[in-house]
Amino acid sequence: MQTLDTPVSETHAPSTAPAARASFLDRTLVQALRLDWEKLAWIALVIIALLTRVIGLGDRPMSHDESLHVVYSFQLFDGRGYQHQPMMHGPLKFVLNPVMYFLFGVNDWSARILVALFGVAMVAFVWMLRPWLGRTGALLTALMYTISPALLYHSRYIRDEVLLTSLAVLLVVTMFRYLATRKTGWLIGVAVSLGLAFLTMEAAFIFGGIFGIFLVLALAAQLWAAAWPGGQTAAARRQAFRLLVGVSLPLLAAGLLLAIFKQLVAGIALLALGGGLALLAVGLAIGVWRWGLRRFAELDLAVLLLTLVMPFLSAVVLKALGWQISQFNNPGQVTLELVWQGGLILGLLFILSGVIGYFWLRQRWLIAAGIFWVIEVLFFTTFLTNGQGIGTGLIGSLGYWIDQQEVMRGGQPWYYFYMLVPLYEFLPMLLSLAGLVAWIAARLRRAPAAPAAAMSDAGATAEPPAVSVQALFEAFLVFWPAATWAVFTWVGEKMPWHTVYFAMSMAPLGGWWLGRIIDRIDWRGARRRNIFWLMALTPLFLIALKALLPPAEERPFAGVSVNQLSATAQWLLALVVTLALIYFLYDRVTALGVRESLRTVAVSLAALLLVLTLGVSYRFNYINYDYPIEPMVYAHATPDIRLAMAQIEEISRKTVGDHAIRVAYDDESTWPLEWYFRDYPNKVYFGASPSRDSMDSPIVIVGDPNTRKARPYLGDRYYEFNYRLIWWPRETYKDMTLERLWQGVRDPAQRKLFWDVVIHRRYTTPTATWDPIKRFTMFVRKDVAAQVWDWGAPTVAAEGLSGEPSISYESGQRTIAASQQIGLGVPGMAPGQFNFPRAVAVDGAGRVYVADSGNNRIQVFDANGAFLREWGSTCKLDTGEGCVNGGQGQFNEPWGIAVGQDGSVYVSDTWNHRVQKFTNSGEFVTTWGVFGSTGGELGQESIFYGPRAITIGRDGNVYVMDTGNKRVQMFNPDGVFITQWGGGGVVDGRFDEPVGLGQDANGNWYVADTWNRRIQKFSENFQYIAQWPINGWGSQSVVNKPALAVDSARGIVYAVDPENYRVLAFGLDGTFKATWGLYGTDSTSFALPTGIAVGPDGKVYVADGDAHRILVFPPVE
């Protein structure tokens, strides 16, 4: 057809030139993609995988480990660089995550999108395994990867596991593509996949080892079946090889099993014997085959994997030589000596790997290894900006992982995964078990092959047997999950996120088996033969069968009450339905045949498991994702974090605008809050040491261990809001025994609780009471809270949350600096140094006596703090450790000391549960007391339960605070018992954890009644006079043991408040006078004051135990 724009000459001229090639832009989409139903299914599956991983990706609060990953990758994005640290695994996520920040902004969603995309890629990679899994098997495998509860959850979690599983699947693809084609490109693909996997985390070495071992076994299988060269001796050599392999493999397997179950001696012996026989087999094969081994692609891959991983084994060699590897775990700690040691081993292994690799693979190894090491060096050194990354990456990575196995982080039992995996990954687990049975059955049915003829020409090489890649792949499908179960049963560190490795390895075997079952069913005639009826009736039959087996409380024919008759009627109905279903099922089975029926039932059950998996996965990933009712929600951030951050943001916007408010936070709340405070320019980090400057903030965040350090700085000017930071699931399964397991099986109530947890995640105790749990407190200054209109009611309600008595000491707060310090303030064992001194006493001449508890000795100083003498050493009477001559003059954490008028020194040898008496020069005089408990009542004399304070009365007698027995015992100076007072209770004159004891000039006694949080006053004969409350002493920790001292001349009772880091001063009638001290190590602060004494001049001596010093203060006037 001619147009106005077409020249006439062109229209009528004959066409002699070839037709122009159509652009791909001119082709339809269907033509370009060549879509069929299989491709449409794959596209739909990848889209579903993408949507399930990205929708709501930022809803869950960042957990502890996640916050580490996102903060350090954000620092790289922000231009502050990144240094590889093995503690946080490989650098891949840290280097790639900034790209996600650049593309999508900095938020919780973008921080996780990298792992989500790797999770989608893992699904897509299965497409390339279609030649061996089968088209249906590959699709089913990808489907299980898509809906797997563990894989989906950790694809929405910024951790390394899904990065590794995705690359492990890619490594499997490239390995078998190379086995099928022997193309160099796939060999390079193996190197790239392995290189990236090593950049994720140290578990990559496990899977590298599993794949390498399989390749060696595959090579052995090839050699087992091959016709060997060697003429007339070939058959004998092959038989010798088979004998060595046939004996060594069972020995190695048995040794591995024994090692897994901690039978190390027998396990190592079998492994050594099996390994020796295996080496003989290797030597025999090399000696006979020589260059003929080049025919086996398995050996190419084994050599490549071995040579690439060899330099990483430097840590193993260094550890075996007894050289230091722990410093390689941290950048900045690598010394010149370590560089020399590590560099020597690393260099030797590099040379050895290069020689082996080039010898076998020639130029192909140079290309593959070159690309591999470029990737490793660039990422470990953060693109050549961190030279120490060579040491931390090539030595520290595997070295840190080896050390962690000894730590056994998590403390999980060997059977941990045997409980956890079935709870979530029951679909691939059951299908893989079926696949295992099918594979073994197929091997048993296979007829033995005819013996291959040996080659008569001794100089020729034998052709390997036609062992197909398909057969190798099927064997790999069995070996992969079996090895995964074995290794992760054995490893010391077992964590819930390791479940993804089981899902990764089991799904291909299960998909392969189920795909074969589906492909063998005659689906064309399915409707005609009513196959779908059989599929539908199978799950209904299981439901009816369950109804026939009711729990004990719902058994039929149990009585004639309404409920019992109802249970009987329901059971009869279930019986009728079951009989009807049996009839219909029998009819279908006879029509279809047994084999076809079994296949149909298998598909039906798999579909049922698929539906159940969808339910578990949805509930886990979109409902319970941050609640530890899911056992895989482990060490996870609580929903309280988002609540607290929303409140902080609201306060900031309503008071100073945007995120400009000043927020102080400590080391216990840093992770994950460090991530959420990235946009708060006025944040203040004070670690474990609060100060006046850091505490002068409108909002203060403090973790539980530091709360008591912070409260004295904050006073009553702040409201307190308590939140949960990190929580864990219940771990009642630990220390499981067969007897306990059997009791649970037999007990109907326990069975019900078990199924409630398994099916509904329903527990009998609320999560608020679960332990362990980490908490934090948000302190909001009252004047700031008053500016936020809807915070009035909560803050008023929060005023009493601390549980402290209503009395306030703020009006008497003073800043008093010590005039003298005895000790260096750091722990030490030399004369004049202390290690957690817990008690102090002063004699009439001003000499200072210190119970140096951590060093188990007494030290004496003159009035100027100069060291005079010491005595004592460690003796633990209960075990006999260190004891000499019955332990005379030796101690086990002395917590009390007193000096008599004659200069005698009395010591409460607390955990030897006795009192020892010495001369002033330290010579042993006598001892009295043994361990015994009175149950908190007045009882047997001269027994002690952790005695603390010891005081010499006006009458010269010795008064000992028998803390554990909640009483005061009175002895004469030689240790003869006189009488006792007290006993446990809250009424007047009774005690609960009494510690401190002092007497005034009038003979009145004062007792620090710790857990009753009061000081009680008694007459000289211990008749009750009065008491006053203490706003403190709230903890029942082993170090919250307050001492007291009396200054009669000034009418002052001093008491330490250890965990509030202060000294309290009262009048003799209980009137509050003053307080001083905050947490710190300067001259006005304390780290943990536990002992106190008053000198003859009124000076106050405080044993600041955790600061390893004695502070001397002027008297309170």
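So that you can map any letter, position 810 of the sequence shown is 809 in numbering that gives the first Met the number 0, and since no number is skipped, the others follow by simple counting. Beta carbons: idealized from backbone N, C-alpha and C, even for Gly.
In this structure, the beta-carbon distance from Thr-384 to Gly-714 does not fall below 8 Å.
Taking the Cα of Thr-1070 as reference, the smallest distance to any Cα among Glu-201, Ser-810, Gln-786 is reached at Ser-810. Under the DSSP assignment, Ser-907 falls in the beta strand (DSSP E) whose first and last residues are 904 to 908. In the DSSP secondary-structure assignment, Leu-996 is bridged to Val-1006. For Val-699, the enclosing beta strand (DSSP E) stretches over residues 698 to 702. The C-beta distance from Lys-773 to Leu-724 rounds to 4 Å, short enough to fall under 8 Å. Here Val-929 carries a strand assignment [DSSP, helix/strand/coil]. With fewer than 16 other beta carbons inside 10 angstroms of its own, Phe-358 counts as exposed. By the criterion of a C-beta distance shorter than 6 Å, Ala-277 is surrounded in its chain by Ser-247, once the five residues flanking it on both sides are discounted. The beta carbon of Val-1101 sits closer than 6 Å to those of Pro-1088, Ile-1091, Leu-1110, all from its chain and outside the five residues before and after it, given in chain order.
At the C-beta level, Arg-52 and Arg-155 come within 8 Å of one another. Beta-bridge partners of Gln-1015 (DSSP): Val-1006, Gln-1026. Comparing alpha carbon positions, the residue from Leu-128, Leu-584, Leu-151 closest to Leu-50 is Leu-151. In the displayed model, Val-1052 falls within a strand according to three-state DSSP. When the five nearest sequence neighbours on each side are left out, the beta carbons in the same chain lying within less than 7 Å of the beta carbon of Gly-1094 are those of Val-841, Gly-845, Tyr-1100, in order along the chain. Taking C-alpha positions only, Ala-659 is separated from Ser-66 by approximately 22 Å.
Beta-carbon to beta-carbon, Leu-393 and Phe-204 are separated by about 12 Å, too far to satisfy the 8 Å threshold. Spatial neighbours of Ala-1044 in its own chain (CB-CB distance under 6 Å, excluding positions within 5 residues in sequence) are listed in chain order as Gly-997, Tyr-1053, Ile-1091, Ala-1092, Val-1093. In this structure Arg-408 is exposed. Its beta-carbon is surrounded by fewer than 16 other beta-carbon atoms within 10 angstroms.
In terms of Cα proximity to Phe-720, the closest of Trp-674, Ala-709, Phe-778 is Phe-778. Where Phe-1112 is concerned, the enclosing beta strand (DSSP E) starts and stops at 1108 to 1112.
Residue range 530 to 546 is occupied by the alpha helix (DSSP H) that includes Met-534, with no beta strand (DSSP E) assigned at that position. According to the DSSP secondary-structure assignment, Thr-950 is paired through a beta bridge with Tyr-958. Proximity of the stretch 170 to 188 to the stretch 647 to 667 falls short of the contact definition, fewer than three beta-carbon pairs being nearer than 8 Å. Of the residues assessed, Leu-270 falls on the buried side of the cut-off, its CB having 16 or more other CB atoms within 10 angstroms. Nearest to Asp-625 by alpha-carbon distance, out of Ile-47, Glu-37, His-63, is His-63. The beta carbon of Val-486 sits closer than 6 Å to the beta carbons of Ile-205 from its chain, once the five residues preceding and following it are set aside; these are given in chain order. Here the stretch 927 to 947 does not lie against the stretch 855 to 875, with fewer than 3 beta-carbon pairs under 8 Å apart. DSSP places Thr-589 inside the alpha helix (DSSP H), whose first and last residues are 561 to 591.
As the crow flies, the alpha-carbon of Arg-618 is around 20 Å from that of Met-428. Taking Thr-380 as reference, the option from Gln-82, Ala-1007, Met-86, Asn-956 with the minimal CA-CA separation is Gln-82. Contact annotation, Glu-673 with Asn-705: C-beta distance approximately 16 Å; criterion of less than 8 Å not satisfied.
Residue environment: Val-757 is assigned as exposed (fewer than 16 neighbouring CB atoms within 10 Å of its CB, all protein chains considered). Around the C-beta of Trp-511, 16 or more other C-beta atoms lie within 10 Å, and the residue is accordingly described as buried.
In the pairwise beta carbon analysis, the stretch 690 to 698 is classified as not touching the stretch 738 to 747: fewer than three pairs are separated by under 8 Å. Each of Val-559, Gln-563, Val-588, Lys-545 was checked against the Cα of Glu-553, and the nearest Cα belongs to Gln-563.
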